[in-house]
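Data first, discussion second: the structure below is written as structure tokens.
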Amino acid sequence: MNRVARFITMEGIEGVGKTTQIGFIGQLLAARNISHCVTREPGGTPLAEKIRSLALVADAETLPPMAELLLMFAARSVHLHNVIEPALKVGRWVLCDRFTDATYAYQGAGRGLAPESIEKLEQMVQATRRPDLTLLLDAPVEIALERARVRRAEQERDRFEREQYEFFKRVRSLYLARAAAEPQRIRVVDANAPATTVRMQIQEILELSSWMY
Ligand code: Z5A
-1 MNRVARFITM EGIEGVGKTT QIGFIGQLLA ARNISHCVTR EPGGTPLAEK IRSLALVADA
59 ETLPPMAELL LMFAARSVHL HNVIEPALKV GRWVLCDRFT DATYAYQGAG RGLAPESIEK
119 LEQMVQATRR PDLTLLLDAP VEIALERARV RRAEQERDRF EREQYEFFKR VRSLYLARAA
179 AEPQRIRVVD ANAPATTVRM QIQEILELSS WMY
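-1 is the number that this note's numbering gives to position 1 of the sequence shown; each next residue is one higher, with no gaps.
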């Protein structure tokens, strides 16, 4: 059967379990012989991964929020051109760990940049490309940060991982506001549950969609 290739993104604050669950979605698709690739932002190609390092690695020199925003869209432009669009064109589904909702959440709500600036870049870089489905894994900030932070010592944390509770609170609120504004595309998954329960919620969302059949 010829299914239309779908572009699915995973979002949420750090530590909610995006990386854990994206692998599971890949297994679900593979079980149905749906050709797909798993990728991430910022990054997903050798060049975009270099841009990721510029944006994430903590450095002595300040990276102004606008420069951070431009790096996110520079990486996205490379990723769209070299991975996402070619995959969708040949019928491969794309599972992407973060996309432009993260820009609204982190550079918009987190860093305080105007959403209008983000919208302009979104239009320029993506034209009409938007995710078909976004799974927003949601958990209280303190739970998610605790999960993420046991993994890395303070000096090994990147520029985002060094941010404080209030920053992630703003990021989470913006994600939830976007989900409320676009309930068809952005589906909220309760990630404050054991990984197997999160998995079941995701499976239900995907299996209820007609795309999988
Ligand atoms: N960023 C941005 O600012 N603007 C943009 O436009 C884009 C990104 C695209 C890198 O993202 C940074 O880029 C990100 C925002 C910024 N920084 N932050 N924060 P990333 O996705 O690469 O980094 P991350 O979000 O920090 O990933 P993460 O910490 O790996 O989180 P995760 O993928 O959501 O979680 P995980 O690795 O699957 O799980 C974390 C731990 O919790 C791990 O030990 C698991 O075994 C455990 N886990 C997972 N699920 C559960 C459940 N359900 N219960 C208990 N424990 C669990």
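Note that CB positions come from ideal geometry on N, CA and C, so glycine has one too.
Is it buried or exposed, residue i, if we count other Cβ atoms within 10 angstroms and call 16 or more buried?
i: residue 149; result: exposed
i: residue 110; result: exposed
i: residue 105; result: buried
i: residue 126; result: exposed
i: residue 88; result: exposed
Cutting at 7 Å between CB atoms, please list the residues of its own chain near residue i, excluding the five before and the five after it.
i: residue 114; result: none
Check this for me: beta carbons of residue i and residue j, under 8 Å apart or not?
i: residue 18; j: residue 193; result: yes
i: residue 20; j: residue 36; result: yes
i: residue 203; j: residue 134; result: no
i: residue 53; j: residue 39; result: no
i: residue 211; j: residue 10; result: no
Excluding sequence positions up to five away, which residues of its chain have a Cβ less than 6 Å from the Cβ of residue i?
i: residue 22; result: 197
i: residue 186; result: 134, 136 and 177
Between the alpha carbons of residue i and residue j, how many angstroms are there, rounded?
i: residue 139; j: residue 12; result: 9 Å
i: residue 25; j: residue 201; result: 11 Å
i: residue 56; j: residue 208; result: 44 Å
i: residue 145; j: residue 156; result: 16 Å
i: residue 181; j: residue 5; result: 16 Å
i: residue 47; j: residue 41; result: 4 Å
i: residue 27; j: residue 108; result: 33 Å
i: residue 3; j: residue 34; result: 8 Å
i: residue 79; j: residue 45; result: 12 Å
Within a Cβ cutoff of 8 Å, which residues of the same chain sit near residue i, ignoring the five residues on either side of it in sequence?
i: residue 163; result: 139, 140 and 143
i: residue 75; result: 123
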